[in-house]
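Going by UniProt numbering, the sequence shown opens with residue 1, and the numbers climb by one from there.
Beta carbons are placed, not taken as given, at the ideal position from N, Cα and C, and that holds for glycine.
The block underneath contains the structure these notes are about, expressed in structure tokens.
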Amino acid sequence: MTEPVLRFAPSPNGRLHLGHAYSALLNWEVAVRLAGRCLLRIEDIDPGRSRPELIVAIEEDLAWLGLSYARPVRRQSEHLGFYREALEGLIRRGLAYPCFCSRGTIAARVAELEGQGRAVQHDPDGAPLYPGTCRSLSSAQAEARIAGGDPHTWRLDMMRALAMAPQPHRFRCFAASDAPSAGAGTLPPLRERGTPSLGTELPSADPRSREGHPLPLIGEGMRVIIENEHEATADPARWGDAVIARRDVPTSYHLSVVLDDDAQGITHVVRGEDLRAATDLHVLLQRLLGLSSPAYCHHRLLLAESGEKLAKSRGSESLGDLRARGVTAEKVREKLGF
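Given below as structure tokens:
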């Protein structure tokens with residue numbers, strides 16, 4: 001029987017906050033429940049935002065929470081050749097094409113189409129689907145522009161990909177948390193040592209949305225349960241011709257994550273609800289590249305008191321900030337349900 005393997009995969013473009021802590025702890029406890037192990041991966045393919053000192057900070061924060069990981073830790077920046085090889089394979093098969101359009105060019109084309117009264121579809125993130133401007137370039141035209149140094153990304157030719165990959169695109173799912181159904185929980189503010197109790201627990205998601213029944217698994221005294229194991233069907237077409245390699249690196253989040261999961265033998269992926277839709281694209285890439293498909297769980301997101309998702313870009317209080325204020329790791333784990 002294959003050993004269950006999970007991973008926590010932060011990006012070193014900011015300090016970890018409570019949302020990261022929840023995901024890291026949940027991954028760890030699911031691994032324990034399944035008698036498996038959890039790996040740490042550093043997703044640092046963004047050279048403009050990734051900072052070495054933040055990798056150190058991530059490891060310090062996780063150690064403070066009581067989590068330790070096998071070494072060496074995989075860093076995506078050390079495997080760009082691996083991603084490039086996979087990208088070149090897709091290009092050779094006619095499944096990827098170079099796109100020379102800037103964001104402004106794409107926006108102008110979309111506005112033109114809308115001005116003509118033509119419907120413009122949007123991807124799950126709300127962005128208009130790429131209108132396919134560069135898909136019609138001949139090989140000679142594309143090669144000449146690349147040779148001339150024109151900046152470009154690489155896009156997946158969705159129509160060709162769907163024609164080549166066997167359908168339907170089925171994948172395994174499960175739920176795992178102290179509140180099994182997808183949703184969000186608002187976190188009360190954490191206080192320093194010696195202040196009054198923090199009060200209520202994290203609110204559970206609506207129990208009426210549960211499906212299936214908890215499975216009897218090993219482990220005593222843990223609140224995490226694993227349930228609702230089932231198959232789902234991916235709909236990658238709703239992403240259109242997605243970018244699979246950036247201008248500055250020969251990969252993207254979508255391409256590197258499926259390659260890394262396969263290379264590391266990941267059997268279960270536990271990540272935020274905000275990445276649920278991306279799984280559709282990931283399953284298609286796995287089929288095209290002949291990769292294994294893990295089982296997926298998308299957990300609820302933690303919200304600030306304002307109702308917004310915790311995020312580095314919004315200045316959410318980091319674990320380092322909490323530690324500096326005297327908040328203990330035990331209190332953080334308690335409030336997150338661990």
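Asked	Found
Assign T2 to one of three DSSP states: helix, strand, or coil.	coil
Look at C173 and Y22 and say whether their C-beta atoms are less than 8 Å apart.	no
What is the C-beta distance between P250 and L284, in whole angstroms, given that I count them as a contact (C-beta under 8 Å)?	That pair is no contact at about 19 Å.
On the three-state DSSP scale, how would you describe N13?	coil
Helix, strand or coil: how does DSSP classify G337 here?	coil
Can you list, in chain order, the residues of its chain whose CB lies under 7 Å from that of I146, leaving out five sequence neighbours each side?	P98 and H152
With distances taken between CB atoms, is the gap from L65 to A304 smaller than 8 Å?	no
If you follow the beta strand (DSSP E) that I225 is part of, which residue opens it and which one closes it?	I225 to T233
What's the gap between the Cα of R287 and the Cα of A165?	6 Å
Is it buried or exposed for A278, if we count other Cβ within 10 angstroms and need 16 for buried?	buried
For S50, collect the residues of the same chain with a Cβ closer than 8 Å to its Cβ; drop the 5 residues on either side in sequence, then sort them by chain order.	S11, P12, N13, D44 and S77
Quick check on the DSSP output: what are the complete beta strand (DSSP E) runs of length 3 or more inside the segment 41-119, in order along the chain?	96-99
Roughly how many angstroms separate the alpha carbons of F82 and S292, rounded to a whole number?	16 Å
Measure the Cβ-Cβ separation of G36 and L6 and say whether it is below 8 Å.	yes
What three-state label does DSSP hand T153 in the structure shown?	strand
Between the beta-carbon of L154 and the beta-carbon of A63, is there less than 8 Å?	Checking the sequence shown, residue 154 turns out to be Trp, not Leu. Result no, Cβ atoms of W154 and A63 do not sit closer than 8 Å.
Within 10 angstroms of its Cβ, does G149 collect 16 or more other Cβ (buried), or is it exposed?	exposed
Under DSSP, the beta strand (DSSP E) around R271 begins and ends at which residues?	H268 to G272
Apply the 10 Å Cβ neighbour rule to S102 and answer buried if 16 or more other Cβ atoms are within range, or exposed otherwise.	exposed
Across which residues does DSSP place V243 in a beta bridge pair?	R155
Would you identify the three-state DSSP class for H282, choosing helix, strand or coil?	helix
Quick one: residues in its chain with C-beta nearer than 6 Å to the C-beta of Y130, no 5 flanking neighbours on either side, listed in chain order?	G240 and D241
Tell me the DSSP secondary structure of P128 in three-state form.	strand
Report back the beta-carbon spacing between E29 and V224 to the nearest angstrom; my notes put them in contact at under 8 Å.	4 Å
With distances taken between CB atoms, is the gap from R74 to R41 smaller than 8 Å?	yes
Measuring only the C-alpha atoms, how far is T133 from A108?	12 Å
Going straight from the alpha carbon of T267 to that of V32, what length do you get?	14 Å
By how many angstroms is the C-alpha of R92 removed from the C-alpha of E308?	43 Å
Looking at the strands, I want to know which residues DSSP matches up with L39.	R7
Candidates A9, A24 and E3: which alpha carbon is nearest G337's?	A24
Kindly indicate the opening and closing residues of the alpha helix (DSSP H) around S139.	S139 to A147
Once you ignore the five residues that flank A96 on each side, which residues in its own chain have a CB closer than 8 Å to its CB?	L87, L90, W154, R155, L156, D157, I244 and A245
Among R333, L319 and A311, whose alpha-carbon lies nearest the alpha-carbon of D61?	L319
With C-beta atoms as the reference, is R170 less than 8 Å away from T105?	no
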